Amino acid sequence: MARMESIYSLADKVSLTVMIEQVAHSAMPLDLVLWIQDNNYIEYTTDHEGNALFWDKLNNVISSV
Numbered sequence: 087m088a089r090m091e092s093i094y095s096l097a098d099k100v101s102l103t104v105m106i107e108q109v110a111h112s113a114m115p116l117d118l119v120l121w122i123q124d125n126n127y128i129e130y131t132t133d134h135e136g137n138a139l140f141w142d143k144l145n146n147v148i149s150s151v
């Protein structure tokens, strides 16, 4: 199953979720599937260009909080 890392800020109620690997929705708890459908998340990749994009997106999200 995907390892999920979250950063929580209680004052701002911000959650940052990073999907480390692809997981079939059938292997996830229903509440997690529903959360993914309703919220944004950043997918991690080891592809060179995708990895650079991941870190840019992560930096933008953290900077905007």
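Going by this note's numbering, the letters in the sequence shown line up with residues 87 to 151, in that order. From the three backbone atoms N, C-alpha and C, an ideal C-beta is built for every residue, glycine too. Note that this is a predicted model, so its numbers are computed, not measured.
Residue i (DSSP reduced to helix, strand or coil)
i    : result
V151 : coil
I106 : coil
CA-to-CA distance, residue j to residue i, given in whole angstroms
i    : j    : result
M114 : N126 : 17 Å
V119 : Q108 : 13 Å
T132 : W121 : 24 Å
Y130 : N145 : 13 Å
Residues near residue i in its chain [Cβ-Cβ closer than 8 Å; skip 5 each side]
i    : result
V147 : L102, I128
Proximal residues to residue i (C-beta, below 6 Å), its chain only, five neighbours per side dropped
i    : result
H111 : V119
Three or more C-beta pairs below 8 Å linking the stretch 99-113 and the stretch 125-144
yes
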